[in-house]
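In the order they appear, the protein sequences are chains H and R. The first sequence begins at 322 in the working numbering and counts up one residue at a time. The second sequence begins at 10 in the working numbering and counts up one residue at a time.
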Amino acid sequence: MQKPNSRQKHWHLLQSAAESSLSRRNFLRYLGSATALLSSSGCRWNFPDEVVTYLPEVKKASSEPVFIATAEPRSGFGVAILAEIYNQRPIKIEGHPETHSSRGASDAISQAQLLSLYHPHRWKNKDLNAEVLSTRVYDLSEKIQSRQGEETLVVLPVSTSSWQRRQIEKLKTQWPKARIFQVSLDPIFSYLSSTHEIFGESLWPVFDFSQVDEIFSFDADVFSDLPGKLAYARQFADRRSPEENDEMVWLYSLASVPSLTTAMSDHSGFLPQNSIERVIQTVYRDLTRDKSFQTSQKLNPEEKTATQTLKRYLKDRRKTRILIPGPTLSQTAQAQIWALNQWLKSEGLSYLAADELNLGEVKSYKELAKILFEEKKLSNLLVFTEDIVRHLGLEPKLLKRLKNIPNFLYFGEFQNKTSQAARIRIPLSHFMESWTDLKSYRGETLISQACIKPIFITRSREEWIGFCAQRKFPETRDFLRFLQSHYNKSSGEIRKRLQAGGPLSVLKLKGNPKIKLNPKFSEVSRQEAVFYLGIRPDPYLRLGQEEFNEWLQELPRPLTQLSWDNALVVSNEYAREHGFKKGDRVEIESFTGRKISLPVLPSLYLKKDLAYIYLGYGQTTGFWVEPFLPGPGTWSVPIQSVRKLKETYPLAVNQMQMQPAEVHPVIELSQEEFRQGSKELQRIHKEWSHQLKTLRDSEVLKLMLSGDVQWAMTIDLTRCIGCGACTLACQAENNIPSVGKRQALQGRIMHWIRIDHYVDENRGEKQMQFQPVPCMHCEKAPCELVCPVAATVHGQEGLNEMIYNRCVGTRFCANNCPYKVRRFNYFKFSKNFSQPEQLALNPEVTVRSRGIMEKCTYCVQRLQSKIEDPQTACQQACPTKAIEFGNMKKVSSKVARNRENPRHYPLLLDLGTLPRTTYLARIRNLREET
Amino acid sequence: MDSANRDRYFTFFFRVFALLGPIFLILALFGLSWSNNLEYATGEDFFVRQPVAFSHRHHVQGLKIDCRFCHTQVDEGEQAGIPSAETCMECHSQIWTDSPALEKVRQAYAHGEAIEWKRVNPMPDYVFFDHRVHVENDSIDCQQCHGAVETMPLTVQKEPLTMNWCLDCHHRAENFVKDLTPVEMRGLTDCYACHR
């Protein structure tokens, strides 16, 4: 049947339908407005408010955002970012597209820096107070200088900044006898000492996964601990995609604590840390045939199999392999792995001199503790940012000594355990308010420029160090002059870098340093422990630097889905055996006799004799673990006994860990299965095209979808590493409030995109699977049918539109949504945006009130701005480019191609909702003979 | 009254109320909604007391100043923009330099403050209105929404600015827009076009 006029006919049909719905709308409008009028009893409904005029210094109230290139310090290294500035205030952070350190992506911590900039708990300075403080520091520094810096200890955080180094050098010339310590508890700096042990000089390792075929991780978490994690994740994902590579890169891991890396690895083994060290020793001895290595240690059966497997995998020397030591391993074990990499002549590994990165003088916390408690005379203690009391785990008795120091100054942004002990507290600027330079993980010099005037009249760390040295604050133009002379650049070049971002200069990578000393052999002690407790920095709060950040606190931790707390994570089997349930308090005792009481969180993805806990809590939420540790920088503690206590403790776990049952939300295939053609995917493809065909045949829908622009999203599960950047990018972009622990316990977290976790045991080995779930924007959306007030309707571009001002909060839609992606505002969570925090709100997005349903809008505010190929916030942030978004009617778009991909599948296909957000199946390598 | 009579009496009144009650209610609702569209409710033709008695008629019709001389941002951004005191003083530092009507402008200019003008054409917060997309390519004249501002000695709202009024144009843009060819016509009646 020919239908030349069917389109016209249906236009008329639609128009008349629109007119008939007009009367219904009229009715509703009359009803609504009548009630409004009744309640307002005849007031004018819109009271005249004030209009924003241009202020003289602004000239124009800009409604177009401006981007400023800057760099975020992370464990001392720089990550290149772009700050989106709207009317002179930063409202969003994105990765800088032209640097290796981010390549346009960002992670959860970068995204959340926006909140820490405007955080209401930041220390503030009033005009007068600032003067008083600088006068006091002035007097003190004069006094110290007169004694040439005797009895003085300055504690600084580790930084790759040359500007900070210059200020420290100035301070050293002024206070020659003072001890100036750059310390960090971050385990990554153990790389500097382990390379020193073997190469004779401190080196910083830079990995490159784009050339390698096999990656072996020994208790290293390359995707969340290392400063180069964004680049590593991207390189890994690019080598992982089955379309772009004939042979996907292999990732093996041997770990004591599960992490994103073990979750992404094809085969992972779990052993306690000392067993891993023993395995490394044996493998090193047997492969390199190092004669000096004699060990009488016997391996237990598990260690033996791990050793044999590793030796088999590594037998033939190949350049395309890379071994990555965990920064938490002992120095000896790390050194052995560097040596093994040399033996392999690995192409994926190069080094940078630590001194060129300004990391030449990094001291450990052990050295700091020694000085603090053995030095008899210590009258001046200046601590910058580092929370030494927390990291040293100082109990009240030891703290007393610190408190007795007459001049104890603390410079920081937030209250913490050290600031509570200090005599004078001095507020510091956020990195977005101050100027410095930083090096990225691979030696790119990035300028960290100010994006906003200091909100609370504060000064930066470098300025205060300079003030202590010269009793005069160095100014921005001093910094710019320093950049010119230090990097030997013209002012034009610097101006260009300030405008466009990107590296000012790049350090040269060293290929293969010579081994000067053979790695020493050391006996690894073995203890009969109940289990080995792994200690790790929290993936989001790090060592507590971000503890005040509610966005990061509320973001469910990968692998456990726990928010707002740290807990003793034990395996499910162990918990069942001892009758521990989620939230039960237990008291654990180490062999040194220290005790701590913690809540238990059973996890499916953990081996029986292992447990772990994250550091970084104890000031606002969670538990302070450091006092339990035998010393700072202990990353594995054997546990002597565990005793169950009577109390329980509520833990806000966002999702129950579960194994996929009949429904397979995540489709996982081995590479061979996929190349041969999977029957399951073929069945899905057939069913999907059938559903699409019926949709095309129904004429009304066909008309609805006939436009040139039809938005769609695909999420590649092979690429997704479950890092949580998308969730926080969405939170920052869409003004999503954090709800707090009490509401989180009720399951009322407002995130518009969540990451589901599944543990698959079908192939004998526990395999973690991640699945980000935003709104699916179904063609036949179940939510739209049940809304009594038509507050959620379909748009002509295929968006499932949620209209807040129309919603009356029946929650029928959330109930009818099979994907459970709708979030209800039970309370006026937007009240949580306090005064300075409101500056972070995106003016393009409504701040929702109480009683309103909300959900992912595909960032409609970005689609409506006139950018070619708009990106959603989650897509832009994703470090691995797992999320693709675009117009599926445009043949060249990535989304259109992905929807034709054989891996393509929709979630819950059998419901026939025809979602616009679809997935690409997860493909992994599978080695049969393990 | 015996009990049977009383029952009958109540039944009668119950029936009367049951019949007339809803009718009254519906009439009341319609009456109220009718009154909601009155100028009194929408705010049309109501003068808003402004800090400075500014006359558009004098400046636009009399002096032939273009709208965009002061509302510079109308084709660049969402807001048309209200000029700062600096813009006023560009002329008024030369003429009417000591007029008492301009005292507030001079004060604002001297102290670098903003004059707190009252909004004449209000939009609810849940509407994301963008001036730029409406005026670019000269598709819609300012007067189509703001009325003949050039004839107003004191500025008033001339159109109801209700959703129904917006939809008149969004439904049948060809009746209102001079030249439709350069205009991107997609999704004009989607809810997300204005509410998001």
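Ideal placement from N, C-alpha and C gives every residue a C-beta, glycine not left out.
> For Thr706/H, which residues of its own chain have a beta-carbon under 6 Å away from its beta-carbon, when the five flanking residues on both sides are left out?
Replying inline: Pro478 and Gly733.
> CA-CA distance, Ala1242/H and Leu990/H?
Replying inline: Rounded to whole angstroms, Ala1242/H to Leu990/H spans 7 Å at the Cα level.
> In whole angstroms, what is the alpha-carbon distance linking His440/H and Pro1157/H?
Replying inline: 7 Å
> Should Asn1056/H be flagged as near chain R, meaning a C-beta pair shorter than 8 Å?
Replying inline: no
> Across which residues does DSSP place Leu477/H in a beta bridge pair?
Replying inline: Gln503/H
> Going by C-alpha distance, which of Val921/H, Asn446/H and Pro394/H is nearest Ser769/H?
Replying inline: Pro394/H
> In chain order, what residues of the stretch 189 to 201 of chain R put their CB closer than 7 Å to some CB of chain H?
Replying inline: So the close ones are Arg195, Gly196, Asp199, Cys200 and Tyr201.
>> Along the stretch 145 to 158 of chain R, where does the CB come closer than 8 Å to a CB of chain H? Name the residues.
In response: none
> Are the Cβ atoms of Val527/H and Leu830/H separated by less than 8 Å?
Replying inline: yes
>> Checking 8 Å against the spacing of the C-beta atoms, do His65/R and Thr164/R come in under that value?
In response: yes
> So Gly86/R packs on His140/R, CB below 8 Å; how close in whole Å?
Replying inline: 7 Å
> How would you call Lys738/H, buried or exposed, if buried means at least 16 neighbouring beta carbons within 10 angstroms?
Replying inline: So Lys738/H counts as buried.
>> Only counting the same chain, and skipping five residues up and downstream in sequence, which positions put a Cβ closer than 6 Å to that of Ala850/H?
In response: Sequence-distant Cβ neighbours of Ala850/H in its own chain, meaning closer than 6 Å and more than five residues away, are Pro959 and Ile960.
> How would you write the range of the alpha helix (DSSP H) that Asn450/H sits in, first residue to last?
Replying inline: Asp448 to Ser467
> Residues of chain R with CB under 8 Å from Thr1131/H, in chain order?
Replying inline: Those do not exist, as Thr1131/H stays about 18 Å from chain R at its closest Cβ, beyond 8 Å.
>> Let's see if you can read the secondary structure: which residues bound the alpha helix (DSSP H) around Phe729/H?
In response: Counting along the chain, Phe729/H falls outside any alpha helix (DSSP H), though it belongs to the beta strand (DSSP E) covering Asn728 to Gly733.
> If you check the beta carbons only, do Gly425/H and Phe530/H fall under 8 Å apart?
Replying inline: no
> Shortest alpha-carbon distance to Asn725/H belongs to which of Val458/H, Glu898/H, Leu693/H and Trp756/H?
Replying inline: Comparing alpha carbon positions, the residue from Val458/H, Glu898/H, Leu693/H and Trp756/H closest to Asn725/H is Leu693/H.
> DSSP state of Asp905/H, grouped into three classes?
Replying inline: strand
>> By the DSSP assignment, the alpha helix (DSSP H) with Arg1243/H in it spans what residues?
In response: First-last for Arg1243/H: Arg1243 to Arg1245, but that is the beta strand (DSSP E), not the alpha helix (DSSP H).
>> Below 9 Å on C-beta distance, what does Arg205/R contact in chain H?
In response: Under the 9 Å cutoff, chain H gives Glu1122, Met1123, Ile1124, Tyr1125, Glu1165, Val1166, Thr1167, Thr1178, Val1181, Gln1182 and Gln1185.
> Within this structure, are the beta carbons of Asn728/H and Pro877/H separated by less than 8 Å?
Replying inline: no
> Mind pulling the chain R residues with CB within less than 7 Å of Gln1117/H?
Replying inline: Those are Arg195, Gly196 and Asp199, listed as they occur along chain R.
> Helix, strand or coil: which one does DSSP assign to Gln1031/H?
Replying inline: coil
> Can you list, in chain order, the stretches of the alpha helix (DSSP H) that have 4 or more residues and sit fully within the stretch 10 to 46 of chain R?
Replying inline: 12 to 45
> By Cβ distance, which residues of its chain are closer than 7 Å to Leu581/H, with the 5 residues on each side in sequence left out?
Replying inline: Asp542, Phe544, Ser545, Pro879, Ile1042, Gly1043 and Cys1044
> Unbroken alpha helix (DSSP H) runs of length 4 or more, entirely within the stretch 618 to 654 of chain H: which are they?
Replying inline: The alpha helix (DSSP H) runs of length 4 or more contained entirely in the stretch 618 to 654 of chain H are, from start to end of the chain, 622 to 635.
>> Rounding to the nearest angstrom, what Cα-Cα distance links Trp195/R and Val142/R in this structure?
In response: Per the sequence shown, the amino acid found at residue 195/R is Arg instead of Trp. Using only the alpha carbons, I get a separation of about 13 Å.
> Taking the alpha carbon of Leu474/H as the point to measure from, which residue in Gly998/H, Lys1087/H, Leu723/H and Ala1112/H has its own alpha carbon closest?
Replying inline: Leu723/H
>> Between the alpha carbons of Arg304/H and Lys1149/H, how many angstroms are there, rounded?
In response: A query on residue 304/H cannot be resolved here, the shown segment of chain H reaching from 322 to 1251 and no further.
>> With H, G and I counted as helix, E and B as strand and the rest as coil, what does DSSP make of Asn1208/H?
In response: strand
>> Can you check whether the C-beta of Val1110/H is within less than 8 Å of a C-beta belonging to chain R?
In response: no
>> Whole angstroms are fine: how far does the CA of Phe185/R sit from the CA of His179/R?
In response: Near 9 Å, if we compare the C-alpha coordinates of Phe185/R and His179/R.
> Residues in its own chain within less than 7 Å of Glu765/H by CB, not counting five upstream and five downstream?
Replying inline: These residues qualify, in order along the chain: Thr420, His421, Ser422, Pro824 and Val827.
> Does the Cβ-Cβ distance between Arg1143/H and Lys1176/H come in under 8 Å?
Replying inline: Taking 8 Å as the Cβ cut-off, Arg1143/H and Lys1176/H qualify as a contacting pair.
>> One question on the structure: do Gly434/H and Ala1050/H come within less than 8 Å of each other, judged by their Cβ atoms?
In response: In the sequence on display, residue 434/H carries Gln and not Gly. In this structure, Ala1050/H does not lie closer than 8 Å to Gln434/H by Cβ.
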